[in-house]
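Colleague: Supplied in structure tokens, the structure appears directly below.
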Amino acid sequence: MKQWLVIAIAACGGGPRYLGAPLPDACAGNNAEACAGWLAERDLDAGGLDVYPDAELRRYVQDIADRLARGSRLVHPPRVVISDHDGTYAAFGNRIVIGRMAIEKLGSEAELAAIVAHELVHVEGRHATVSLFGPETDARWLVTRRDAEAIADERAVTLLERAGYTPAAMSRALEAELDPDDDDADDEHAPRAVRLAHVAELTGGRHDGFDGRAELLAHVDHMILGRDPRLGVRVGDAWVIAALGVALELPARDIVHVDGDAVVLRSGTSALTAYAIGAPWARELAATLDDRAETESALGRITVGTAPAHARDEAPLARLEQLIHELLPQPAPGTWLVILDRPRGGLVLALSGSGVTDPFIRDRWLQGLRAASPGELAAAEPRHLTVVRAPRAGTVAELVAACTDPEAARDLDRPGRVLGAGDLIKCTDR
Numbered sequence: 385m386k387q388w389l390v391i392a393i394a395a396c397g398g399g400p401r402y403l404g405a406p407l408p409d410a411c412a413g414n415n416a417e418a419c420a421g422w423l424a425e426r427d428l429d430a431g432g433l434d435v436y437p438d439a440e441l442r443r444y445v446q447d448i449a450d451r452l453a454r455g456s457r458l459v460h461p462p463r464v465v466i467s468d469h470d471g472t473y474a475a476f477g478n479r480i481v482i483g484r485m486a487i488e489k490l491g492s493e494a495e496l497a498a499i500v501a502h503e504l505v506h507v508e509g510r511h512a513t514v515s516l517f518g519p520e521t522d523a524r525w526l527v528t529r530r531d532a533e534a535i536a537d538e539r540a541v542t543l544l545e546r547a548g549y550t551p552a553a554m555s556r557a558l559e560a561e562l563d564p565d566d567d568d569a570d571d572e573h574a575p576r577a578v579r580l581a582h583v584a585e586l587t588g589g590r591h592d593g594f595d596g597r598a599e600l601l602a603h604v605d606h607m608i609l610g611r612d613p614r615l616g617v618r619v620g621d622a623w624v625i626a627a628l629g630v631a632l633e634l635p636a637r638d639i640v641h642v643d644g645d646a647v648v649l650r651s652g653t654s655a656l657t658a659y660a661i662g663a664p665w666a667r668e669l670a671a672t673l674d675d676r677a678e679t680e681s682a683l684g685r686i687t688v689g690t691a692p693a694h695a696r697d698e699a700p701l702a703r704l705e706q707l708i709h710e711l712l713p714q715p716a717p718g719t720w721l722v723i724l725d726r727p728r729g730g731l732v733l734a735l736s737g738s739g740v741t742d743p744f745i746r747d748r749w750l751q752g753l754r755a756a757s758p759g760e761l762a763a764a765e766p767r768h769l770t771v772v773r774a775p776r777a778g779t780v781a782e783l784v785a786a787c788t789d790p791e792a793a794r795d796l797d798r799p800g801r802v803l804g805a806g807d808l809i810k811c812t813d814r
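Each residue of the sequence shown is one higher than the one before, starting from 385 at the first, in my numbering.
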């Protein structure tokens, strides 16, 4: 255990802290897995502005996980974290990360419970631990991973039934979450059609039990839809990060490429990549830069330097810390960085190519960093989910005419889902 504690303390610069937060008791006791789970959650929160800050929604999903866990072999239910991006997975250390963009695709509490149950089985089977500390990735490892996914689908149906949810929700949840345009298997999952057929056979079309459409929609009313443009969106000739209140001018003669929440500017052989990160990770990065220099500006503290190379330690616990840390946005070693520290987060500007040494190109880009205007901040506001009552019975496809944007509403639910008069319909606020 001493080895684990040394690793955890070393990760945060010599004191009993990690990414700006005091280490929990689990990191000073004998619960390495719980400590690792806390580290992973701290990375999620501190690294990429990636935790969706809706305490009531998190409590609601946590209650579902608690209910499912009572029918499992777990002594304690896993802790639920709502991510602000897509992707749902079981993290190391008794954590389940549920992507907000996954929740928006679902149509009832039972469907959400099905997604949680699948990940809960991974926690129950300690699949993340086996994946991390097991053999290196090879054919046998991939067979093991695919078996784990099949087991998670199968046992999730059992957990749904034990918790009183309708078993048929498992099929509906998979239909919503699995991309119909990508029916081929990946390295770890069976093809979509195979998974759906297997689950349909397990559930036998049973619709008895609790479904809870109204319960789910009441909790996701006003939830942000899709990616949050406040983390970075083009508004006119500027890249606006409304979450930080800043904007970066986009010169007309440069090539501009948007990559999710990041923007890349190219001029000849030079490139600048800009993306927002959490304030603790911004400060951690800034403190580790080589040839570091700091200055105060009207926007906040600016740190300049180059990203260092990190030696790898193959000891199991050190490997764990490294793998958790690598989930954070990582600049390549040797990259010239400018890090802006703002109260609500940080902005990373990574320069590569000749622009690092060419002051004309470099300064032209950096001088374009400024405070965002009120109009830019308003333009970066996200869409939200709203719910309305169905005026009559019918399918979702027939009833979305009651929404402000019927086309957008049609994409939020299964078009063939049958609703009764007065049932809730998922819409957008514009």
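Ideal Cβ positions, reconstructed from N, Cα and C, are used throughout, including at glycine.
Is it buried or exposed for residue 517, if we count other Cβ within 10 angstroms and need 16 for buried?
Modeller: Position 133 of the sequence shown holds residue 517. Reliability of the predicted coordinates at residue 517 is poor, the pLDDT of 45 falling under 50, and no value is obtained from them.
Colleague: Straight-line CA distance for residue 466 to residue 574?
Modeller: On the sequence shown, residue 466 is found 82 positions in, with the first residue counted as 1. On the sequence shown, residue 574 is found 190 positions in, with the first residue counted as 1. C-alpha separation (whole angstroms): 26 Å.
Colleague: Can you name, in chain order, every residue of its own chain whose Cβ lies under 6 Å from the Cβ of residue 473, other than the five neighbours on each side?
Modeller: Counted from its first residue, the sequence shown places residue 473 at position 89. 481.
Colleague: Three-state secondary structure (DSSP) at residue 757?
Modeller: Here residue 757 refers to the residue found at position 373 of the sequence shown. Looking at residue 757 - three-state DSSP - the assignment turns out to be coil, as it is neither helix nor strand.
Colleague: Pop quiz: residue 728 and residue 663 are said to be a contact at Cβ under 8 Å. What is the actual Cβ separation, rounded to whole angstroms?
Modeller: Walking along the sequence shown from the start, residue 728 turns up at place 344. Walking along the sequence shown from the start, residue 663 turns up at place 279. Going by Cβ atoms, the distance from residue 728 to residue 663 rounds to 7 Å, so yes, they are a contact pair.
Colleague: Would you kindly work out how many angstroms separate the C-alpha atoms of residue 600 and residue 681, rounded to a whole number?
Modeller: In the sequence shown, residue 600 corresponds to position 216, counting from 1. In the sequence shown, residue 681 corresponds to position 297, counting from 1. Answer to the nearest angstrom: the Cα atoms are 45 Å apart.
Colleague: Could you round the C-beta distance between residue 604 and residue 487 to whole angstroms and report it? I think they count as a contact, below 8 Å.
Modeller: By 1-based counting over the sequence shown, the position of residue 604 is 220. By 1-based counting over the sequence shown, the position of residue 487 is 103. About 6 Å; that satisfies the 8 Å criterion.
Colleague: What does the Cβ neighbour count give for residue 502, buried or exposed, with the cut at 16 atoms within 10 Å?
Modeller: In the sequence shown, counting from the first residue as 1, residue 502 sits at position 118. The residue in question, residue 502, is buried, as its Cβ has 16 or more Cβ neighbours within 10 Å.
Colleague: Below 8 Å between beta carbons: does that hold for residue 539 and residue 505?
Modeller: Position 155 of the sequence shown holds residue 539. Position 121 of the sequence shown holds residue 505. Cβ atoms of residue 539 and residue 505: closer than 8 Å.
Colleague: Evaluate residue 498 with the Cβ neighbour count: other Cβ atoms within 10 Å of its Cβ, from every protein chain shown; 16 or more gives buried, anything less gives exposed.
Modeller: Locating residue 498 in the sequence shown gives position 114, counting from the first residue. By the neighbour-count rule (16 or more Cβ atoms within 10 Å), residue 498 is buried.
Colleague: Using a Cβ-Cβ cutoff of less than 8 Å, which residues in the same chain neighbour residue 493 once the five nearest sequence positions on both sides are dropped?
Modeller: To locate residue 493, count along the sequence shown from 1; it is residue 109. Closer than 8 Å at Cβ, skipping near neighbours: 448, 549, 594, 595, 596, 597, 599 and 600.
Colleague: Taking residue 736 as the reference, give the member of 651, 685 and 460 with the closest Cα.
Modeller: Within the sequence shown, numbered from 1, the residue matching residue 736 stands at position 352. Selected option, being the one with the closest Cα: 651.
Colleague: Exposed or buried, which one is residue 577 when buried takes at least 16 other CB atoms within 10 Å?
Modeller: Residue numbering aside, residue 577 sits at position 193 when the sequence shown is read from its first letter. With fewer than 16 Cβ atoms within 10 Å of its Cβ, residue 577 is classed as exposed.
Colleague: So what's residue 737 in DSSP terms, helix, strand or just coil?
Modeller: As a working mapping, residue 737 is identified with position 353 in the sequence shown. Note: residue 737 maps to helix in three-state DSSP.
Colleague: Bridge partners of residue 725, per DSSP?
Modeller: Here residue 725 refers to the residue found at position 341 of the sequence shown. Residue 725 pairs with 685 and 730.
Colleague: When you compare only the Cα positions, how much space is there between residue 534 and residue 542?
Modeller: As a working mapping, residue 534 is identified with position 150 in the sequence shown. As a working mapping, residue 542 is identified with position 158 in the sequence shown. For residue 534 and residue 542, the distance between alpha carbons rounds to 13 Å.
Colleague: Within 10 angstroms of the Cβ of residue 639, are there 16 or more other Cβ atoms? Answer buried if so, exposed if not.
Modeller: Position 255 of the sequence shown holds residue 639. Exposed: under 16 other Cβ atoms inside 10 Å.
Colleague: In the DSSP output, which residue or residues are listed as bridge partners for residue 811?
Modeller: Translated into the one-based positions of the sequence shown, residue 811 becomes position 427. Note: residue 811 sits in a beta bridge opposite 770.
Colleague: Could you check whether the stretch 772 to 784 touches the stretch 736 to 754, counting it as contact only if at least three pairs of C-beta atoms, one from each stretch, sit closer than 8 Å?
Modeller: With the cut-off at 8 Å, the stretch 772 to 784 and the stretch 736 to 754 do not touch.
Colleague: Who are the near neighbours of residue 405 in its chain, counting only those whose CB is closer than 8 Å to its CB and skipping five residues on each side?
Modeller: Translated into positions along the sequence shown, residue 405 becomes position 21. Only 426, 430 and 664 meet the Cβ criterion.
Colleague: Report buried or exposed for residue 627, applying the criterion of at least 16 other Cβ atoms within 10 angstroms of its Cβ.
Modeller: By 1-based counting over the sequence shown, the position of residue 627 is 243. Looking at its Cβ environment, which holds 16 or more other Cβ atoms inside 10 Å, residue 627 is buried.
Colleague: Note down, in chain order, each residue of its chain lying with its Cβ closer than 8 Å to the Cβ of residue 799, except the 5 sequence neighbours on either side.
Modeller: The residue you call residue 799 lines up with position 415 of the sequence shown. 779, 780 and 781.
Colleague: Can you tell me which residues form a DSSP beta bridge with residue 591?
Modeller: Locating residue 591 in the sequence shown gives position 207, counting from the first residue. Looking at the DSSP assignment, residue 591 forms no beta bridge with any residue, so it has no partner.
Colleague: On the three-state DSSP scale, how would you describe residue 582?
Modeller: To locate residue 582, count along the sequence shown from 1; it is residue 198. In the structure shown, residue 582 sits in a helix (DSSP, three-state: H, G or I).
Colleague: Compare the Cα-Cα distances from residue 591 to each of 611, 558, 554 and 646 and report the closest residue.
Modeller: If you number the sequence shown from 1, residue 591 lands on position 207. Residue 554 is the option with its Cα nearest to residue 591.
Colleague: Run through the DSSP bridge pairs and tell me what residue 467 is partnered with.
Modeller: Within the sequence shown, numbered from 1, the residue matching residue 467 stands at position 83. Residue 467 pairs with 435 and 483.
Colleague: Helix or strand or just coil, what does DSSP make of residue 600?
Modeller: In the sequence shown, residue 600 corresponds to position 216, counting from 1. Three-state DSSP puts residue 600 in a helix.
Colleague: So, helix, strand or coil for residue 517, using DSSP?
Modeller: The residue you call residue 517 lines up with position 133 of the sequence shown. Caution applies to residue 517, whose pLDDT of 45 falls short of 50 and renders its modelled position unreliable; the model cannot decide the point.
Colleague: Pick out whichever of 716, 450 and 733 has its Cα sitting closest to the Cα of residue 722.
Modeller: Working through the sequence shown from its first residue, we reach residue 722 at position 338. Of the listed residues, the one whose Cα sits closest to residue 722 is 733.
Colleague: Using the three-state DSSP reduction, which class does residue 643 fall into: helix, strand or coil?
Modeller: For this step, residue 643 is matched to residue 259 along the sequence shown. Note: residue 643 maps to strand in three-state DSSP.
Colleague: If distances are taken between C-alpha atoms only, which option among 672, 747, 611 and 636 comes closest to residue 645?
Modeller: Taking the sequence shown and counting its residues from 1, the one referred to as residue 645 is at position 261. Of the candidates 672, 747, 611 and 636, the one whose C-alpha sits nearest the C-alpha of residue 645 is 611.
Colleague: If contacts are defined as beta-carbon pairs under 8 Å, then residue 794 and residue 784 qualify, I think. What distance do you get, rounded to the angstrom?
Modeller: Stepping through the sequence shown from its first residue, residue 794 is reached at position 410. Stepping through the sequence shown from its first residue, residue 784 is reached at position 400. 5 Å between Cβ atoms; contact.
Colleague: Should residue 814 be labelled buried (16 or more other beta-carbon atoms within 10 Å of its own) or exposed?
Modeller: For the purposes of this step, residue 814 is taken as the residue at position 430 of the sequence shown. By the neighbour-count rule (16 or more Cβ atoms within 10 Å), residue 814 is not buried but exposed.
Colleague: Under 8 Å by Cβ, that's how I've got residue 484 and residue 608 pegged, so tell me the actual separation to the nearest angstrom.
Modeller: By 1-based counting over the sequence shown, the position of residue 484 is 100. By 1-based counting over the sequence shown, the position of residue 608 is 224. Indeed they touch by this definition, with Cβ atoms about 7 Å apart.
Colleague: Taking Cβ to Cβ, would you say residue 658 is nearer than 8 Å to residue 647?
Modeller: Counting from one through the sequence shown, the residue named residue 658 turns up at place 274. Counting from one through the sequence shown, the residue named residue 647 turns up at place 263. Result yes, Cβ atoms of residue 658 and residue 647 sit closer than 8 Å.
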